[in-house]
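Numbering (my numbering), first residue to last: 4 to 189. For reference, the structure is listed below as structure tokens.
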Amino acid sequence: NKDLKPCWNSMRTNISKFSTALSDFSWPQDASLFPTQQEVYLYLSNYAKQSLPNDVFRLNTRVINITYSNDKWTVKYSTQSNNVTCEQFDFVIVASGIFDCPYIPENITNLSLFQGTIIHSFNYRSPEQVRDKRVFIIGASMSSAQIADDMATTAKHIIHIAPHSFWSIPRYIPLIPHDPVSPFLP
Numbered sequence: 004n005k006d007l008k009p010c011w012n013s014m015r016t017n018i019s020k021f022s023t024a025l026s027d028f029s030w031p032q033d034a035s036l037f038p039t040q041q042e043v044y045l046y047l048s049n050y051a052k053q054s055l056p057n058d059v060f061r062l063n064t065r066v067i068n069i070t071y072s073n074d075k076w077t078v079k080y081s082t083q084s085n086n087v088t089c090e091q092f093d094f095v096i097v098a099s100g101i102f103d104c105p106y107i108p109e110n111i112t113n114l115s116l117f118q119g120t121i122i123h124s125f126n127y128r129s130p131e132q133v134r135d136k137r138v139f140i141i142g143a144s145m146s147s148a149q150i151a152d153d154m155a156t157t158a159k160h161i162i163h164i165a166p167h168s169f170w171s172i173p174r175y176i177p178l179i180p181h182d183p184v185s186p187f188l189p
């Protein structure tokens, strides 16, 4: 899928493929050292095809209710065809995704008077969106730091506001610090 939300086109993992590999499924030899979002999607899709039963995922399904009784979780859900079903499980993991619903606080003073473009990281796709523009980034999560890095070569000016300091570490570091011919490690 070319337009995976909430991923921007050049998004990469912030740790190497060696640290993100599943124990029973290696990355392809030609995968990037820091895989792109497309490579991660393909890797996980291929793992699911090879290692998981076909019916392990239920997509396009809405959870209606979850209850706990007699050491079991009962999940009531409906499918796209509006069939309502109940099933029991030993465990329930809630993974709704924090990026599914973009949030821009309404209490920012005079935000409605701003003449420029406001976008949430959810809608960021490419540094071309900010070519030659002044950009103001608010936030201190990994996405804000990675997006600032991604647009640094195209934006005219970037101001990044965060409530705490951000430590930026290069993806590669020299094995022998102060040696200009040192090999580099991820």
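Glycine included, each C-beta is placed from N, C-alpha and C at the ideal position.
Distance, LEU36 Cα to VAL184 Cα: Those two C-alpha atoms are separated by around 21 Å.
Integer Cβ distance of PRO105 from HIS123, believed to fall under 8 Å: In this structure PRO105 is in contact with HIS123, their Cβ atoms being roughly 4 Å apart against a cut-off of 8 Å.
VAL66 in three-state terms, based on DSSP: DSSP places VAL66 in strand when its eight states are reduced to three.
PHE21 vs SER54 beta-carbon contact at 8 Å: Going by C-beta atoms, PHE21 is not nearer than 8 Å to SER54.
Inter-stretch contact (C-beta, 8 Å, three-pair minimum) for the segment 157-170 and the segment 134-146: Taking a cut-off of 8 Å for Cβ pairs, the segment 157-170 and the segment 134-146 touch, as three or more such pairs fall below it.
Nonlocal neighbours in the same chain, by C-beta distance under 6 Å from ASN4, ignoring five residues either side: Residue placement at ASN4 is flagged as unreliable, the pLDDT there being 47, under the threshold of 50; the coordinate-derived value follows with that caveat. Excluding residues within five positions, none has a Cβ falling inside 6 Å.
Assigned exposure category for MET154 - 16 Cβ within 10 Å defines buried: Counting the other Cβ atoms within 10 Å of the Cβ of MET154 gives 16 or more, which makes it buried.
Supposed contact pair LYS79 and PHE92 - C-beta distance, whole angstroms, cut 8 Å: About 12 Å separates the Cβ atoms of PHE92 and LYS79, ruling out a contact at the 8 Å cut-off.
Counted within 10 angstroms of its Cβ, other Cβ atoms place MET14 as buried (16 or more) or exposed: Burial call: buried.
Nearest candidate by alpha-carbon position, reference GLN40, set ASP58, ILE18, PRO56: The residue with the shortest Cα to Cα distance from GLN40 is ILE18.
8 Å CB neighbourhood of ILE67 in its chain, flanking five on each side removed: Taken in chain order, the residues that qualify are LYS79, TYR80, SER81, VAL87.
For TYR175, three-class secondary structure by DSSP: Coil, per DSSP.
Nearest-angstrom Cα separation, counted from PRO31 out to ILE121: Looking at the backbone, the Cα of ILE121 and that of PRO31 are separated by about 39 Å.
Endpoints, the beta strand (DSSP E) within which SER147 is located: Bounds of any beta strand (DSSP E) do not take in SER147; it lies within the alpha helix (DSSP H) bounded by 145-154.
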